[in-house]
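Presented below is the structure to which this report refers.
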Amino acid sequence: MARSQKQTITIGHLNVRSLLSSFDSFINILEEGNFDILALTETWLSEDISSDVIDAEAKPVTNQKSSGRCWLFAALNVIRLPFIKHFNLEDFEFSQGYLFYWDKLERSNYFLNAIVETAKRNEPVDGRTVAWLLHDPITDGGQWDMILNLVRKHGLMPKKHFPESFSCEASARMNAILKSKLREYAKAIRDLVSKGDSDADISSLIQEQMNNIYRVVGICLGVPDETFTWTYYDKNKAFHSVGPITPKEFYEKHVKPLFNVDDKVCLVTDPRPTNEYGKSYTVDCLGNMVGGRRCIYNNQPVELLLELTAKSIKEGEAVWFGCDVSKRSTYKQGIQDLKIHNFPLVFGVDIQNPLTKADRLIYGESAMTHAMVFTAVNINDNGEITKFRVENSWGEDRGEKGYLLMTTDWFKEFTFEVVIDKKFVPEEVLKVFDLEPIVLPAWDPMGTLAKCC
Numbered sequence: 002m003a004r005s006q007k008q009t010i011t012i013g014h015l016n017v018r019s020l021l022s023s024f025d026s027f028i029n030i031l032e033e034g035n036f037d038i039l040a041l042t043e044t045w046l047s048e049d050i051s052s053d054v055i056d057a058e059a060k061p062v063t064n065q066k067s068s069g070r071c072w073l074f075a076a077l078n079v080i081r082l083p084f085i086k087h088f089n090l091e092d093f094e095f096s097q098g099y100l101f102y103w104d105k106l107e108r109s110n111y112f113l114n115a116i117v118e119t120a121k122r123n124e125p126v127d128g129r130t131v132a133w134l135l136h137d138p139i140t141d142g143g144q145w146d147m148i149l150n151l152v153r154k155h156g157l158m159p160k161k162h163f164p165e166s167f168s169c170e171a172s173a174r175m176n177a178i179l180k181s182k183l184r185e186y187a188k189a190i191r192d193l194v195s196k197g198d199s200d201a202d203i204s205s206l207i208q209e210q211m212n213n214i215y216r217v218v219g220i221c222l223g224v225p226d227e228t229f230t231w232t233y234y235d236k237n238k239a240f241h242s243v244g245p246i247t248p249k250e251f252y253e254k255h256v257k258p259l260f261n262v263d264d265k266v267c268l269v270t271d272p273r274p275t276n277e278y279g280k281s282y283t284v285d286c287l288g289n290m291v292g293g294r295r296c297i298y299n300n301q302p303v304e305l306l307l308e309l310t311a312k313s314i315k316e317g318e319a320v321w322f323g324c325d326v327s328k329r330s331t332y333k334q335g336i337q338d339l340k341i342h343n344f345p346l347v348f349g350v351d352i353q354n355p356l357t358k359a360d361r362l363i364y365g366e367s368a369m370t371h372a373m374v375f376t377a378v379n380i381n382d383n384g385e386i387t388k389f390r391v392e393n394s395w396g397e398d399r400g401e402k403g404y405l406l407m408t409t410d411w412f413k414e415f416t417f418e419v420v421i422d423k424k425f426v427p428e429e430v431l432k433v434f435d436l437e438p439i440v441l442p443a444w445d446p447m448g449t450l451a452k453c454c
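Taking the numbering used here, the leading residue of the sequence shown gets 2, the next gets one more, and so forth.
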């Protein structure tokens, strides 16, 4: 029905037409465009980040395209910084597709073994845990400890030795195929467990199933070479050659001395009253490698995460982090600020609800959805942290050629996780990792970065 044919709609005692009459101009505009743009304020972030930055931000700006690989891109963007500096490179990327390939294989195997474990725990197929697993058996997202697992076991390689494929950049169709097979295999596994078959029989079945998973992933993504020879020119136009070498040897010899994944720890801030600070947490069935490190969360107040992030940047180290990227943000302009939109101006009501950070987690309004990298921090004359510069992985068209600006207030409300080198973390905080982690349910929002991105 055309807008010019205005009708009065009554809901209960409310005359909707009378309520909307004062907003006709906005209605006409919003029919043609994006209300996020209309609601933008004009006073946000007029200054540049100029206080403390890492030595040099890396090139090129990366782009995960139509995939959920932000956690891998962010991690490799952090790792490449000291690597580029050490080897005097103009630009460089590690292969995101290489880790993506191994994550698909490792995570498929992890899922099948989780099905075995839950079946042996007599979890019903329609119970919440198994239903959660079956809802999304394989996903693109991930957590820091999953990166640690992949790099430890499989190493790294330059992107030119395993470049992006179609299914790397647009993973939905491959994932749909894998999900269908994994659900099919889950039923077969549960049938064996219910019949009381031996562990050897179950392992044999999983091996057969994984052979087919290897085939699908290999056809979609390609299969990385076991060895490679990396040749490059440095900034002085000098030629160098490294190899032949395996990806694991490449990491151990040429990357680990510059960036050791084992030296980094994951700190989260979960303010829900059920989850105490100073405690260690993990999430049931959350992982990507059988026998690998569990995803361990050291829960601390957000003020500590803020302090250690700034400290790390001031010492020249960028910081991987997880946040709820869609809240109070504008993608095109690349601004993350609680005051970025004036929605009451448009709607006559504030649609950005006043729930606390804890309540947003409890009521499903917020969760970790995206990983990026802090590369600079602004500290005012009073010594207060005011904002950060953020490296994203959505290409140059978002923000300032791929970089965002985030206010400290936004950090406090929507950042949940940072990865910091142990040398910057107080001893009493590191001791929390020695505690037996409290197990959160599989569907807990602290595990969502592995589901979304």
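Positions of the beta carbon are idealized from the N, C-alpha and C atoms, including for glycine.
Euclidean distance between Cα positions of residue i and residue j
i, j, result
"residue 436", "residue 275", "17 Å"
"residue 440", "residue 244", "43 Å"
"residue 72", "residue 105", "14 Å"
"residue 133", "residue 407", "33 Å"
"residue 202", "residue 223", "30 Å"
"residue 211", "residue 107", "10 Å"
"residue 317", "residue 308", "15 Å"
"residue 135", "residue 146", "22 Å"
"residue 198", "residue 174", "34 Å"
"residue 401", "residue 119", "47 Å"
"residue 431", "residue 268", "10 Å"
"residue 314", "residue 115", "38 Å"
"residue 251", "residue 227", "11 Å"
"residue 303", "residue 347", "32 Å"
"residue 351", "residue 343", "8 Å"
"residue 256", "residue 87", "10 Å"
"residue 277", "residue 91", "45 Å"
"residue 260", "residue 183", "35 Å"
"residue 397", "residue 335", "11 Å"
"residue 438", "residue 349", "46 Å"
Contacting residues, own chain, Cβ-Cβ under 8 Å from residue i (five flanking each side not counted)
i, result
"residue 424", "264"
"residue 148", "72, 73, 76, 100, 262"
Beta-carbon gap between residue i and residue j smaller than 8 Å
i, j, result
"residue 319", "residue 82", "yes"
"residue 159", "residue 231", "yes"
"residue 409", "residue 306", "no"
"residue 367", "residue 325", "yes"
"residue 176", "residue 214", "no"
"residue 62", "residue 403", "yes"
"residue 248", "residue 156", "yes"
"residue 178", "residue 217", "yes"
"residue 393", "residue 387", "no"
"residue 89", "residue 238", "no"
"residue 448", "residue 287", "yes"
"residue 266", "residue 434", "yes"
"residue 330", "residue 341", "yes"
"residue 333", "residue 399", "yes"
"residue 405", "residue 337", "yes"
"residue 271", "residue 362", "yes"
"residue 339", "residue 414", "yes"
"residue 150", "residue 294", "yes"
In DSSP terms, what residue i is bridged to
i, result
"residue 159", "95"
"residue 323", "372, 418"
"residue 401", "404"
"residue 166", "Answer is none; residue 166 lacks a bridge partner."
"residue 331", "336"
"residue 300", "269, 280"
"residue 395", "64"
"residue 232", "242"
"residue 379", "388"
"residue 439", "282"
"residue 359", "Its beta-bridge partners do not exist; DSSP assigns none."
"residue 171", "67"
Other residues of its chain near residue i: CB distance less than 6 Å, five sequence neighbours each side excluded
i, result
"residue 163", "96, 98, 99, 225"
"residue 450", "142, 144, 323, 369"
"residue 455", "Past the edges of the chain, shown from 2 to 454, lies residue 455, and the structure says nothing about it."
"residue 241", "233"
"residue 285", "440, 442, 443"
"residue 345", "351"
Beta-carbon proximity list for residue i, same chain, < 7 Å, skipping 5 on both sides
i, result
"residue 356", "364, 366"
"residue 445", "284"
"residue 375", "310, 314, 319, 320, 322, 389, 391"
"residue 33", "In this prediction, residue 33 has a pLDDT of 48, which is less than 50 and means its spatial position is unreliable; nothing more can be read from the coordinates."
Using 8 Å as the Cβ pair cut-off and three pairs as the minimum, do the stretch 54-74 and the stretch 169-180 touch? With a cut-off of 8 Å, the stretch 169-180 and the stretch 54-74 count as touching, because enough Cβ pairs lie within range.
The stretch 115-127 contacting the stretch 297-312, beta-carbon criterion three pairs below 8 Å: The stretch 115-127 makes no contact with the stretch 297-312: fewer than 3 CB pairs, one atom from each, lie closer than 8 Å.
Cβ contact check for the stretch 179-191 and the stretch 273-293: 3 or more pairs under 8 Å: By the C-beta criterion, the stretch 179-191 is judged not to be in contact with the stretch 273-293, since fewer than 3 inter-stretch pairs fall below 8 Å.
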